[in-house]
Amino acid sequence: MENNNLREQILFTANADPKKCMKCGKCSGACPNYDEMEYHPHQFVSMVQNGDIEPLLKSESLYLCLTCMVCVERCPRNVQPARFIEAVRLAKIRQQGENRLTPQQIPAKIEEDTPQQLLVSAFRKYTK
Amino acid sequence: MQVKNENWKPLIVAFCCNWCSYAGADLAGTNRLNYPADVKIIRVPCSCRVNPMFILRAFQRGADGVIVCGCHPGDCHYTSGNYYARRRMTLLFSMLDYLGIEKGRTRVEWVSAAEGQKFAETMNSFVETITSLGENKRLEDLRCKTE
Amino acid sequence: MQRIGVFVCWCGSNIAGTVDVKKVAETLGHEPGVVFSTDYQYMCSQSGQDLVKDSIRTYNLTGVVICSCSPRMHENTFRKAAASVGLNPYMVEIANIREQVSWIHKDMETATEKAIILGRAAIAKVHLNAPLIAGETPVTKRALVIGGGIAGIQTALDIAEAGFEVDIVEKSPTIGGKMAQIDKTFPTLDCAACILTPKMVEASQQENINIYAFSEVDEVKGFVGNFTVKIRRKARYVKEELCTGCGLCTEKCPQKKVPDEFNLGLSNRRAIYIPFAQAVPKVATIDPNYCTMLKTGKCGVCSKVCGVKAIDYTQKDEIVERKYGAIVVATGFEPIKVDKFEEFAYAQSPDVVTSLEYERLMNAAGPTGGTLLRPSDKTHPHTIVFVQCVGSRCDEKSEKGKPYCSKVCCMYTAKHAMLTREKYPDTEVYVFYIDVRTPGKNFDEFYRRAVEHYGVHYVKGMVGKVTPENGKLKVQASDLLDNRQLHIDADMVVLAAAIEPDKSARPLATMLTASMDTNDFFTEAHPKLRPVESPTAGVFLSGMCQGPKDIPETVSQASACAAKVIGLLVKDKLVGNPCVAHSDEMMCNGCSQCQNVCPYGAITYTEKEFRMPDRTTAVRRVAQVNPAVCQGCGACTVTCPSGAMDLFGFSNNQIMAEVDAICK
Amino acid sequence: MEFLYYPGCTLKNKAKDLDLYARRTAEALGVTLTELPEWQCCGGVYPLGRDEIATKLSSVRNLIAARDAGRDLVTVCAACHNVVKQVNHDMATDDYIRTRVNNYLQPETPYEGETQVLHLLEVLRDKVGFDAIREKVVKPLTGRKIGAYYGCLLLRPSKVLAFDDPENPTIIEDFLRALGAEPVIYAQRNECCGAYAAIENENVPKKRAGAVLSNAKANGAEELVTACPLCMYNLKKQADGTGVKVTYFTELLAEALDIR
Amino acid sequence: MQDRMIARAKELLADGTVDRVMGWKKGEFLYDATPAVFYSAEELDAGFVMNAFTAANVSKYLIKETKKEGKILAFLKPCDSFSFRQLMNEHRVDRDKVYIVGIPSWGKADMEKIRQKGITGITSIEEREGDFVVNTILRETHVIKKYDVYLEKCKNCKSKEIVVYDELLDGENGAAVTNSRFDEVAKLEAMTPDERFAFWQNELSRCIRCNACRNVCPACTCEKCVFDNPKSGLENKAAATSFEENMFHIIRAFHVAGRCTDCGECSRVCPQHIPLHLLNRKFIKDMNELYGDFQAGEAEQQRHPVTSYRTDDAEPGVIYTRGGTGK
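Protein chains in written order, with the working numbering: chain A, 45 to 172; chain B, 17 to 163; chain C, 3 to 666; chain D, 422 to 681; chain E, 2 to 328.
Next comes the structure, spelled out in structure tokens:
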């Protein structure tokens with residue numbers, strides 16, 4: 045039941061329909077960061093659809109999606125896999141204590157030419 | 017003032033084109049999709065056969081709602097009939113509205129031969145609308161009704 | 003006053019289970035004009051029909067109301083029964099108490115009440131019915147086939163063999179269509195040319211067939227049995243009747259850099275050309291976009307070398323007008339343009355080709371003489387990646403692709419993969435698929451052979467990106483079953499582009515007033531029961547113009563289509579639908595509004611002399627309906643302000659009587 | 422031709438060249454860019470979740486300010502462009518988001534996506550015209566083989582951004598041609614550079630930007646041009662030692678107009 | 002102007018261009034001039050009139066007249082010319098049998114409105130810039146603002162252009178004028194349905210089915226009206242209930258939709274003063290808004306908005322959802 049609620053929440057956040065997926069795998073064929081990821085775009089779609097969300101929440105893959113939107117762009121069925129990944133990521137980092145990145149970590153990561161944009165985007169993606 | 021009729025049930029006339037909507041109604045029947053018995057269907061070859069006179073006549077004789085169903089625009093069996101019907105009905109509805117007749121007493125819906133479900137849903141929702149609007153008082157001919 | 007008989011059908015328990023049929027028959031029996039009323043278990047059965055017939059005779063019925071299933075089901079049955087005992091069939095009306103009553107209502111009282119009301123409406127209508135007699139029109143015993151591909155050729159041959167004349171109109175210089183470009187055919191792998199070209203020759207030699215190649219349909223008028231068609235014979239700048247097809251001109255033409263359509267631009271042809279060796283008619287054509295003589299007035303080489311003086315630079319398009327009884331649409335298909343799918347780098351690398359281009363690269367008469375060479379550097383490819391479903395099965399709202407399955411790609415891709423592996427066993431062949439769809443005789447066996455016997459790598463997944471780099475095509479794709487991303491350095495990538503109807507189909511459909519679906523495929527009169535006819539009478543469908551299909555299916559549909567055409571042409575006269583519009587000349591204003599809304603051009607005007615009440619005569623303009631052309635939609639009747647225009651079978655009076663009966 | 426200009430945070434700091442030459446070249450081409458007063462950071466990435474309302478507010482504030490000033494809003498940074506344009510689209514089309522954002526911000530007139538958001542490249546293409554630019558080029562970049570690097574943010578999602586064909590874009594190539602350079606088309610030009618993963622996983626940008634660079638180089642590119650400071654950062658890191666120079670498009674424009 | 006018209010008519014009769022003249026004939030009173038045909042110079046001198054009360058649209062009479070032998074001279078005001086042009090579009094008149102002299106019209110007076118000002122016994126009326134000057138039997142002279150006593154149709158004149166003619170009496174043609182003829186319709190649209198219903202009940206219930214509107218309407222030219230025809234299923238010579246008045250007027254408006262030139266005759270002749278033009282104008286306004294601007298009779302037109310369509314037309318449901326038509 046609880047899992048079902050989580051699934052509904054994720055589907056709402058994602059605002060996309062996993063049932064449209066025809067399992068062609070083009071999203072995962074197009075994904076530029078596939079090899080770094082444990083779960084891949086098509087698996088996010090399918091696992092959210094099946095309510096199999098726990099493994100996704102635990103996976104590093106959440107932080108490896110670059111939101112480059114090629115999966116959205118090239119999907120023949122307009123499934124928008126990136127939205128599912130984002131929704132699961134939000135479900136994770138919105139929980140207390142699940143921030144991936146803290147301000148304390150930043151000074152060590154700054155280089156001479158690190159653009160502000162990198163810090164802002166990373167915070168948006170990894171922290172709530 | 018007339019006393020509100022407790023036993024009132026809406027009377028609805030549906031004009032259905034032979035090729036799409038009448039077939040859609042048949043399909044609703046074949047699939048046993050319920051809609052209220054208040055709906056009575058009149059078969060016409062095409063929605064463009066529906067003369068505004070027919071609709072006014074139905075109201076005159078005591079109908080509470082009239083719905084015209086035809087093929088979806090672009091799918092008319094006669095290629096363009098429903099496009100003409102669309103303009104005529106738009107203008108007629110506008111005139112009825114202008115004369116102060118309640119919005120919603122008339123409707124046009126495009127139902128294909130494959131849309132039995134849609135036909136039943138349309139009729140259900142139309143009956144609901146008419147039920148909430150209540151008896152047609154503004155267009156009826158009382159002389160006809162009391163017969 | 004009519005003498006009406008009412009017949010209430012039980013339809014077993016289908017109606018009687020919910021409707022009190024006895025009560026319906028009893029109640030309707032008291033309606034004015036009803037002289038006989040009864041119920042019966044199965045009115046459509048032989049004995050049920052006999053009951054109707056006997057009653058018509060016994061009670062001298064002038065009208066019949068059947069309370070039964072939908073008129074779409076058995077109206078004809080009962081009309082025929084009535085006609086068999088001398089009652090005009092149009093005196094029969096049906097009250098639909100099954101689909102509209104018993105099947106949708108559960109409560110017996112409500113259902114019975116509604117059945118009675120519908121029965122009353124039908125009785126009210128019959129009171130105003132009049133006997134109708136269908137008109138007859140003669141049939142022009144010649145057929146037009148639009149499109150000279152395998153579908154058109156087969157239909158034409160079958161019609162011609164039944165003894166009717168057929169004209170084929172083909173827009174390109176030769177008949178043969180897409181099949182002529184194909185190398186081998188699945189699943190038997192016989193060569194397309196070997197089975198197609200004999201049919202092309204047969205078509206050209208069949209006495210009853212006349213081929214208008216390099217021609218297009220400009221205008222269609224008329225109706226079933228009586229079409230008049232204007233055909234534009236485009237200027238070839240070569241006299242077709244003189245040209246022997248020797249080909250000398252095509253060798254001597256100095257303009258050598260014209261992309262060859264037949265080879266899909268993979269090779270060049272001359273400005274004067276014969277598309278391929280077995281072209282029918284084998285006649286040269288000058289391409290005015292490239293011919294130096296036509297463009298600048300200087301050259302004339304072809305004219306000089308032509309031994310029979312067939313070249314005519316002054317030739318103009320010519321319009322021929324012909325009459326036909328039936329028209330067959332066989333306009334076929336095209337592969338979609340893949341420019342919206344540039345992730346596959348089609349525009350970036352010549353080594354990314356479409357499947358039809360691959361056919362040409364494999365073909366012995368193709369640009370490489372049948373040796374498989376990469377278009378970029380003419381070397382032998384060692385790794386080939388096939389991508390299925392490029393532009394097929396897309397989201398309905400997609401702006402890039404089509405929502406349907408193109409049906410033939412799975413099989414031709416299996417064929418390409420198999421042939422490639424057979425000819426060049428050193429080549430690695432990958433096929434990326436979503437599903438392999440092989441319903442068809444010997445189809446799945448064929449596909450399995452490609453995998454099991456020829457070792458084609460079938461990968462469940464999709465290519466996501468092709469990156470041309472250093473002479474290779476870096477293919478990035480998913481392998482869903484292994485859950486990994488593949489990176490293949492390929493030499494060629496072959497795209498199974500979705501198919502779509504030929505561009506000429508839509509304007510043609512408008513000319514024919516034939517309907518199309520949202521994908522521009524022609525719609526059938528009935529998707530299951532009348533699949534080779536268009537809803538427009540006299541227009542028939544053959545081949546891919548109706549939907550994706552392979553060659554065997556196309557040929558069977560083509561022959562089925564021919565059978566339907568023959569069935570029409572064999573008739574001397576056509577019996578029309580008598581439920582047509584008619585104009586009361588006494589009331590007609592002659593205002594032309596009905597003519598403006600008639601989709602069939604069935605209404606004409608004539609000046610008629612009328613005697614006025616004051617004994618003078620006046621000439622008035624009045625409408626006349628051609629009953630053979632009118633299809634009975636009724637658009638005119640509502641446009642007519644005076645009510646002069648009315649529709650037989652659905653007259654203003656009849657419909658209003660039904661309204662009254664329902665609203666009583 | 423007058424527009425409101427939204428520079429974004431990086432352009433005020435690490436991507437000063439992008440900003441500086443945007444202003445200078447615009448002026449030279451007769452385009453007036455007025456900086457949006459009191460603009461706020463867009464947030465760097467578009468908040469993709471439907472129920473992400475707070476993260477969209479800053480973009481909407483900028484959009485409202487532009488609407489109230491009655492001018493189109495021009496961005497230069499690809500990320501800002503992506504975020505602001507997508508949020509604007511939400512406000513125009515998504516009832517759920519529009520209602521909540523308006524309820525939160527309580528603007529005088531509810532915002533419904535009225536502002537038109539343009540990227541400077543769009544202004545150059547559609548308002549100024551590349552032909553007009555070609556005429557103003559003083560020092561054409563003749564002979565320079567330059568690969569356009571679009572990345573993700575300018576192109577996707579194409580339905581919302583409507584910037585160019587997402588798989589076969591031509592805007593920067595046409596721009597380069599107008600400057601007299603020779604554009605190099607290569608497949609990886611619309612693939613990701615590694616983006617924000619750079620913050621914790623060096624490996625990702627290394628691989629991604631590396632693939633972009635090698636593909637561009639293999640196809641003959643000697644330079645790359647971009648509109649995104651983060652792409653610039655990731656690419657530059659990998660470009661070290663390859664001899665491939667990476668610049669902002671505004672720098673090239675300034676060079677060709679000889680106002681660098 | 003009357004003298005010039007008579008003079009020109011005489012010339013045209015004399016040189017054989019025409020053999021009769023369609024115009025207006027003096028009545029018992031100054032204000033009841035009626036359309037009439039004149040066959041000679043003498044008849045013209047005796048009865049031809051043109052003044053502030055000759056408002057009648059003569060175009061409809063030309064249907065019958067052009068069925069007769071010979072050619073007729075017709076003086077057409079701008080609004081008459083629109084009606085005539087529309088009748089040409091419908092093949093109802095024979096253009097070759099009419100010689101048209103276009104005459105300007107600067108607005109006609111409504112006798113009712115003059116009476117309401119307490120003026121009776123009018124002996125003459127003259128037009129002056131912006132005013133009518135009226136002399137009465139009591140030797141009074143009243144100067145009235147034209148606008149105050151205009152007929153409805155003139156108050157909301159759509160055009161001063163004569164769209165079909167052989168010659169123009171003044172040698173000059175007018176042009177379309179800006180007008181606010183849809184304002185009254187919009188006002189009704191802005192009411193609530195109940196208010197509208199009450200309004201129209203009040204108006205239409207006064208109808209006595211005298212058929213004056215139908216008889217005068219240049220678009221109501223049917224050989225036989227559906228309401229007179231037993232075969233139409235609608236035959237109804239006199240209204241028995243308020244509904245039938247509704248029905249008659251809705252159907253009449255529908256039958257002339259797309260063809261009505263908004264000449265305003267229906268309201269002018271209605272003895273019960275029902276603003277019938279508001280029904281026709283409603284259709285004209287709807288058609289303009291939904292299907293693009295259209296003016297019947299303006300030019301040669303094959304189709305009008307009701308006999309044409311676009312595949313992307315609005316659905317009928319738009320009536321219930323669009324703004325402006327009351328809440």
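Every residue, glycine too, gets a C-beta built ideally from N, C-alpha and C. Given the structure is predicted, the values throughout are model-derived calculations rather than measurements.
From which residue to which residue does the alpha helix (DSSP H) around E/Asp46 run? Ala42 to Gly48
* Quick one: is E/Met248 near chain B, going by C-beta distance under 9 Å? -> yes
- Query: Counting along the chain, where does the alpha helix (DSSP H) carrying D/Arg445 start and finish?
  - Reply: Lys437 to Ala449
| field | Three CB pairs or more closer than 8 Å across the segment 551-560 of chain C and the segment 572-588 of chain C | value | no
- prompt: Where are the alpha helix (DSSP H) runs, 4 residues long or more, that stay fully inside the segment 17-72 of chain E, in chain order?
  reply: 42-48 and 62-66
* **Residues near C/Pro379 in its chain [Cβ-Cβ closer than 8 Å; skip 5 each side]** => The question names Pro, but residue 379 of chain C in the sequence shown is Asp. So the qualifying residues of the chain are Gly473.
Listed by chain order, chain C residues near E/Arg311 by CB distance under 8 Å: Per Cβ cutoff of 8 Å: no residues; E/Arg311 is ~14 Å from chain C at best.
query: Should the segment 22-41 of chain B be regarded as contacting the segment 126-133 of chain B, the criterion being three or more beta carbon pairs within less than 8 Å?
result: yes
Every unbroken alpha helix (DSSP H) within the segment 471-544 of chain C, with a cutoff of 4 residues, ordered by chain: 507-514
- prompt: How is C/Asp41 classed by DSSP in three states: helix, strand or coil?
  reply: strand
### Query
Going by Cα to Cα distance, which pick from D/Gly601, D/Gln659, D/Thr671 and D/Ser635 is closest to C/Glu471?
D/Ser635
Quiz item: Straight-line CA distance for D/Arg521 to B/Ser141?
Solution: 31 Å
message: Is the separation between the beta-carbon of C/Leu134 and that of C/Phe523 shorter than 9 Å?
response: no
* CB contact check: B/Gly150 to chain C, cutoff 9 Å -> no
In whole angstroms, what separates the C-alpha of C/Lys476 from that of D/Tyr467? 31 Å
- [ ] Output, in sequence order along the chain, the residues in the segment 634-667 of chain D whose CB is closer than 8 Å to any CB in chain C.
- [x] Ser635, Asn636, Ala639 and Asn640
Review point. For C/Asn210, which option in C/Phe188, C/Cys412, C/Glu243 and C/Glu163 has the closest C-alpha, if you only look at C-alpha atoms?
Key: C/Glu163
| message | Within 9 Å of any Cβ in chain A, is that where the Cβ of D/Asn434 sits? | response | yes
- Message: Out of D/Val558, D/Glu423 and D/Ala630, which one is the CA nearest neighbour of D/Tyr570?
- Response: D/Ala630
**OP:** Could you tell me whether the Cβ atoms of A/Ala41 and C/Gly150 are closer together than 9 Å?
**Re:** No statement about residue 41 of chain A is possible, as the shown extent of chain A runs from 45 to 172 and does not include it.
Exercise for review: Let me know the secondary structure DSSP gives C/Asn16 once reduced to three states.
Suggested key: helix
Span separating the alpha-carbon of D/Ala490 from that of D/Pro531: 15 Å
Just checking: is the beta-carbon of A/Asp96 within a distance shorter than 9 Å of some beta-carbon in chain C?
no
Proximity to B/Phe70 [Cα-Cα], best of B/Asn98, B/Pro52, B/Leu43 and B/Leu108
B/Leu108
- Query: When DSSP labels each residue in this structure, what does C/Lys258 get in the three-state scheme?
  - Reply: coil
Is there a Cβ of chain E sitting closer than 9 Å to that of C/Asn654, yes or no? yes
Report buried or exposed for C/Pro441, applying the criterion of at least 16 other Cβ atoms within 10 angstroms of its Cβ.
exposed
Worksheet item: When you compare only the Cα positions, how much space is there between B/Lys56 and B/Leu72?
Response: 16 Å
Does E/Ala219 have its Cβ less than 9 Å from a Cβ in chain B?
The question names Ala, yet the displayed sequence has Pro at residue 219 of chain E. No, E/Pro219 does not count as interfacial toward chain B.
Extent of the continuous beta strand (DSSP E) to which C/Arg622 belongs:
Thr619 to Val627
Please list, in chain order, the residues of the segment 567-591 of chain D that have any C-beta partner in chain A closer than 7 Å.
Cys573, Arg577, Pro578, Ser579 and Pro587
Beta-carbon proximity of C/Leu571 to C/Gly334, cut-off 9 Å: no
For C/Met45, count the other beta carbons within 10 Å of its own beta carbon; 16 or more makes it buried, fewer makes it exposed. Which is it? buried
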